[in-house]
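Protein sequences appear in the order of chains A and B. Taking our numbering, the leading residue of the first sequence gets 1, the next gets one more, and so forth. Taking our numbering, the leading residue of the second sequence gets 352, the next gets one more, and so forth. All C-beta atoms in this analysis are idealised placements derived from N, C-alpha and C, irrespective of residue type, glycine included. These figures come from a predicted structure and were not determined experimentally. Below you'll find the structure, written out as structure tokens, and then a few comments.
There are 2 protein chains.
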Amino acid sequence: MASHGVRGRSGGRPTLEEVAARAGVGRGTVSRVINGSPRVSEATRAAVEAAVAELGYVPNTAARALAANRTDAIALVVPEPETRFFTEPYFSDMLRGVGAALSDTEMQLLLIFAGSDRERQRLAQYLAAHRVDGVLLVSVHADDPLPDMLSQLEIPAVISGPRSADETLTSVDSDNYGGARQAVEHLISRGRRTIAHITGRLDVYGAERRVDGYRDALREAGHPVDELLIEPGDFSEDGGRRAMEALLERRPDLDAVFAASDVTAAGARQALREAGRRIPDDVALVGYDDSAIARHMEPPLTSVRQPIEEMGRAMTDLLLAEVADRRPSATRELERRQMVLATELVERASS
Amino acid sequence: MASHGVRGRSGGRPTLEEVAARAGVGRGTVSRVINGSPRVSEATRAAVEAAVAELGYVPNTAARALAANRTDAIALVVPEPETRFFTEPYFSDMLRGVGAALSDTEMQLLLIFAGSDRERQRLAQYLAAHRVDGVLLVSVHADDPLPDMLSQLEIPAVISGPRSADETLTSVDSDNYGGARQAVEHLISRGRRTIAHITGRLDVYGAERRVDGYRDALREAGHPVDELLIEPGDFSEDGGRRAMEALLERRPDLDAVFAASDVTAAGARQALREAGRRIPDDVALVGYDDSAIARHMEPPLTSVRQPIEEMGRAMTDLLLAEVADRRPSATRELERRQMVLATELVERASS
DNA sequence: AGGTACTGTGGGAGCGCTCCCACAAGTGAT
DNA sequence: ATCACTTGTGGGAGCGCTCCCACAGTACCT
């Protein structure tokens, strides 16, 4: 209650003003040194730095945030329940990349889960309060209102996996098209002739691009594209199994399958087994994601690896650039950017 | 819905002052309403709330933090590399508990990894800047300077697992002593007579307490405590195996083992197998932690479960209480608290 | 000599809040 | 009537920064 008046002028944390007095310069000069402005003479800079060290000065983030209208923090928003976050290696890889990109920055990372309605409510409040300078968005569903909310609030955001070909947000994605081509070209090079494709959920842009890659790879190799060899799946194991059954019925002569995810491939594998087809002898199988499933499948699954950690790093770099671009000092306008990272085919025994 | 119309000065967000003007009251009154002070008449409160809604007012966190000298955020500090965080269920359980306790609060949770030296450096800077109101500390090693740093900075902190019997920080722990007793009493009740104990790292307080529990349980059941039956381990699988080998050599007549962790038990199991002992027929085995290992072991391992999620919740509640206690409005001084939560024996086939 | 450009510096004016003092108005006791 | 409270309210004085304008000093032109 008695905390009125001079709040421990001797015991409290030193302020800019105190550092300035100690160094025998003005407040503005100390601020310039702290913020690395080039407009300070070498001698002055040294004096200020000495004073900072002597007093153990640490800038007050709140004051800075208030005056400069920034927070020096970005959020990684995961619109999933925490469980998935811990279960799927995707997120930990992503987090590692983000962390790496941030490690030589002043930026603080906030991890925000928005799986439940309640959490989403909180998040909305949080964003409305502009408590972060930017947002990294991963694993966003097509109809999620989050991206638009961010646009409206004018909060810089980068999304992993654009929602469509003309995504308005800056995005980073792996080369779904190229990855699919790699898979199919690999199968062709192994002498497979009748290559089927079990797609992902086609309202996911990436899944669509994989179909495009599949088609073009066949076409360019001079193979006809038979629409009967394309069966929609939904990234799930069950979907993979059903799709495989349908394919076997329609084209029992197929000798290879490219599945849009490892999980889908696992489902397809079951259906193949039940139909008495051997992998890879009768039918070669290729998945997508190079997840743990791929390594542990029997036989181990050839799969397309996405550079998730790199994606995290790239997303962060792009976001930081956008954030920097909003600062008063910035001049040029950044154009919309869509970055695509190369995939890699990991060959295993299934093909 | 009206929030688009009144966008006034260069797209800025409404301020307290603007809300006050709109509601026809003073700035102080709006502040009181926002902060739920009881000293506001019903009519005024309603008018202010209407104005807040109409303008879509959201408090500026930075301004609040600066004026009130608080951040409305706490950190969960994990002094481990990220990998462990994602691998061990301990952390996700803990996080769930913390999240639950925070969910009806204004508090924001920050997740901070401090595994590498570099990260620790950052953390120190972060804490020095008082960017959080309080800190939750999990998995702290005995010689970690972090707790002292927090005391010095006068940042409220709660630690999971006290470092010693007279831990200076508020702490939450599971009942290591009681858990060990449960394990040993269970073995006794199953008719086991010669019960060995493989300890954890004895510089960890909790491990020490488990030894105490082991001793007391035997003593109270009228069994002699044979020091030759106590073999130090280090929580690792390899340590468990070596300890088991030593024990088998010294006391080949033993018929039960209480291991200080599931991982240790896994190591012990290997040594037992190699010595041709059957579990549980020849030797009963009990672990500690009730981790995934326990469930998947062959045979499934009886183990002592710690209520980790509850611990997270309790830690958070205690921390919030301490933080509230530092606020200017608070009067009473909180005493140092050490909370201990009960464990539960999960019986499986190994005993 | 004056003009025009820099570079480096000090410090005023806020940023949007919270805290607290002052004070009006109401209540009930003398 | 006065006094002593209480309740509700307005608004000043900061919190510790950043931004930016003013201005001294120096340099290099015409």
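Could you check which residue in A:Arg327, A:Arg242, A:Glu17, A:Tyr214 has the C-alpha nearest to that of Arg274 (chain A)?
Reading the first sequence from its first residue, position 274 is the one you call residue 274 (chain A). It should be noted that the sequence gives Glu, not Arg, for residue 274 (chain A). Selected option, being the one with the closest Cα: A:Arg242.
What three-state label does DSSP hand Tyr556 (chain B) in the structure shown?
Taking the second sequence and counting its residues from 1, one reaches residue 556 (chain B) at position 205. Tyr556 (chain B) falls in the helix class under three-state DSSP.
Cβ contact check for the segment 228-246 of chain A and the segment 179-199 of chain A: 3 or more pairs under 8 Å:
yes
Run through the segment 435-484 of chain B for me and flag every whole beta strand (DSSP E) of 3 or more residues, listed as ranges in chain order.
459-464
Enumerate, from N- to C-terminal direction, the unbroken alpha helix (DSSP H) stretches of 4 or more residues contained entirely within the segment 490-517 of chain B.
497-503
Under 8 Å by Cβ, that's how I've got Ala180 (chain A) and Ala217 (chain A) pegged, so tell me the actual separation to the nearest angstrom.
Taking the first residue of the first sequence as 1, we reach residue 180 (chain A) at position 180. Taking the first residue of the first sequence as 1, we reach residue 217 (chain A) at position 217. Right, the Cβ-Cβ distance comes to about 7 Å (below 8 Å), so this counts as a contact.
Nonlocal neighbours in the same chain, by C-beta distance under 6 Å from Ala50 (chain A), ignoring five residues either side
For this step, residue 50 (chain A) is matched to residue 50 along the first sequence. Contacts found: none.
Please state if the CB of Val263 (chain A) and the CB of Arg305 (chain A) are separated by a distance shorter than 7 Å.
What you label residue 305 (chain A) is simply residue 305 of the first sequence in a count that begins at 1. What you label residue 263 (chain A) is simply residue 263 of the first sequence in a count that begins at 1. Taking 7 Å as the Cβ cut-off, Arg305 (chain A) and Val263 (chain A) do not qualify as a contacting pair.
Going straight from the alpha carbon of Ala207 (chain A) to that of Glu470 (chain B), what length do you get?
The residue you call residue 207 (chain A) lines up with position 207 of the first sequence. The residue you call residue 470 (chain B) lines up with position 119 of the second sequence. Going by the C-alpha atoms only, they are around 38 Å apart.
Pick from B:Thr694, B:Arg699, B:Ser388, B:Arg677 that is closest to Glu505 (chain B), judged by C-alpha positions:
The residue you call residue 505 (chain B) lines up with position 154 of the second sequence. Among B:Thr694, B:Arg699, B:Ser388, B:Arg677, the Cα nearest to that of Glu505 (chain B) is on B:Arg677.
Can you find a CB in chain B that lies within less than 7 Å of the CB of Arg131 (chain A)?
By one-based count along the first sequence, residue 131 (chain A) stands at place 131. True, the Cβ-Cβ gap to chain B drops below 7 Å.
Exposed unless 16 or more other CB atoms sit within 10 angstroms - verdict on Glu322 (chain A):
On the first sequence, position 322 is the one that residue 322 (chain A) refers to. Burial call: buried.
Enclosing beta strand (DSSP E) for Leu345 (chain A) [first to last residue]:
One-based indexing of the first sequence puts residue 345 (chain A) at position 345. Its beta strand (DSSP E) spans residues 344-346.
May I ask you to report which of helix, strand or coil DSSP gives Asp234 (chain A)?
Counted from its first residue, the first sequence places residue 234 (chain A) at position 234. Correct three-state label for Asp234 (chain A): coil.
Starting from Gln270 (chain A) and walking both ways along the alpha helix (DSSP H), at which residues does that stretch end?
Within the first sequence, the letter at position 270 stands for residue 270 (chain A). Note, Gln270 (chain A): alpha helix (DSSP H), 262-274.
Ordered along the chain, which non-local residues of its own chain (more than five positions away) have a Cβ less than 7 Å from that of Val283 (chain A)?
One-based indexing of the first sequence puts residue 283 (chain A) at position 283. Counting only Cβ-Cβ distances below 7 Å, and skipping sequence neighbours, we find Leu254, Asp255, Ala256, Val257, Leu272, Arg277.
Which residue wins for smallest C-alpha separation from Ile112 (chain A), given the options A:Leu55, A:Asp93, A:Glu82, A:Pro224?
Indexing the first sequence from 1 puts residue 112 (chain A) at position 112. Of the candidates A:Leu55, A:Asp93, A:Glu82, A:Pro224, the one whose C-alpha sits nearest the C-alpha of Ile112 (chain A) is A:Glu82.
Whole-angstrom distance between Glu439 (chain B) and Ala610 (chain B), CA atom to CA atom
For this step, residue 610 (chain B) is matched to residue 259 along the second sequence. For this step, residue 439 (chain B) is matched to residue 88 along the second sequence. So the alpha carbons of these two residues sit roughly 19 Å apart.
Considering only C-alpha positions, which residue in the set B:Ala394, B:Arg560, B:Gln476 is nearest to Asn60 (chain A)?
By 1-based counting over the first sequence, the position of residue 60 (chain A) is 60. Closest option to Asn60 (chain A), Cα to Cα, is B:Gln476.
With three or more beta-carbon pairs closer than 8 Å as the criterion, would you say the segment 312-320 of chain A touches the segment 95-115 of chain A?
yes
Is it the case that the segment 418-435 of chain B contacts the segment 483-495 of chain B, given that we only count it when at least three CB pairs across the two stretches are under 8 Å?
yes
Interface residues of the segment 407-418 of chain B facing chain A [CB-CB below 9 Å]
Gly407, Val409, Pro410, Asn411, Thr412, Ala413, Ala414, Arg415, Ala416, Leu417, Ala418
So that I know if they touch, is there some Cβ in chain B lying closer than 7 Å to that of Phe86 (chain A)?
Here residue 86 (chain A) refers to the residue found at position 86 when the first sequence is read from its first residue. So, interface residue.
What are the complete alpha helix (DSSP H) segments, minimum 4 residues, inside the segment 383-423 of chain B?
393-406, 412-419
Looking at chain B, is there any beta carbon in it that lies within less than 7 Å of the beta carbon of Leu272 (chain A)?
Against the first sequence, residue 272 (chain A) aligns to sequence position 272. Chain B, which has no Cβ nearer than 7 Å to the Cβ of Leu272 (chain A), makes this no.
Taking the alpha carbon of Gly161 (chain A) as the point to measure from, which residue in A:Ser350, A:Val340, A:Ser351, A:Leu285 has its own alpha carbon closest?
Numbered from 1 along the first sequence, position 161 holds the residue referred to as residue 161 (chain A). Out of A:Ser350, A:Val340, A:Ser351, A:Leu285, A:Val340 has the C-alpha closest to the C-alpha of Gly161 (chain A).
If you compare alpha carbons, which of B:Ala480, B:Ser392, B:Asp499, B:Arg544 is closest to Thr521 (chain B)?
Taking the second sequence and counting its residues from 1, one reaches residue 521 (chain B) at position 170. Nearest option by C-alpha distance: B:Asp499.
What in chain A is Cβ-close to Leu488 (chain B), meaning under 9 Å?
In the second sequence, the residue the question calls residue 488 (chain B) occupies position 137. Correct list: empty, because the minimum Cβ distance to chain A is about 18 Å.
Per DSSP, the bridge partner or partners of Met690 (chain B)
Stepping through the second sequence from its first residue, residue 690 (chain B) is reached at position 339. Answer is B:Val523, bridged to Met690 (chain B).
Residue burial classification, Glu369 (chain B) (beta-carbon count within 10 angstroms, cutoff 16):
Start at 1 with the first residue of the second sequence, and residue 369 (chain B) comes out as number 18. Buried, because 16 or more other Cβ atoms sit within 10 Å of the Cβ of Glu369 (chain B).
Could you please tell me which residues of the segment 524-552 of chain B, in chain order, have their CB closer than 7 Å to any CB of chain A?
none
Residues near Ile279 (chain A) by beta carbon distance below 7 Å, same chain, minus five either side:
Numbered from 1 along the first sequence, position 279 holds the residue referred to as residue 279 (chain A). Result list for Ile279 (chain A): Arg269, Leu272, Leu285, Pro299, Ser350, in chain order.
Nearest chain A C-beta to Arg360 (chain B) closer than 7 Å, yes or no?
On the second sequence, position 9 is the one that residue 360 (chain B) refers to. Only weak support exists for where Arg360 (chain B) lies, its pLDDT of 38 falling under 50; the value from the coordinates is given anyway. Not one chain A Cβ lies under 7 Å of Arg360 (chain B).
Note down, in chain order, each residue of its chain lying with its Cβ closer than 8 Å to the Cβ of Ala63 (chain A), except the 5 sequence neighbours on either side.
Within the first sequence, residue 63 (chain A) is the residue found at index 63, counting from 1. If we look at Ala63 (chain A) and ignore the five residues flanking it on each side, it has no Cβ neighbours.
For chain A, check one thing: does any of its Cβ atoms lie closer than 7 Å to the Cβ of Ser467 (chain B)?
As a working mapping, residue 467 (chain B) is identified with position 116 in the second sequence. Not one chain A Cβ lies under 7 Å of Ser467 (chain B).
Would Ser92 (chain A) and Phe442 (chain B) qualify as a contact pair, given that the criterion is a beta-carbon distance under 7 Å?
In the first sequence, counting from the first residue as 1, residue 92 (chain A) sits at position 92. In the second sequence, counting from the first residue as 1, residue 442 (chain B) sits at position 91. Going by C-beta atoms, Ser92 (chain A) is not nearer than 7 Å to Phe442 (chain B).
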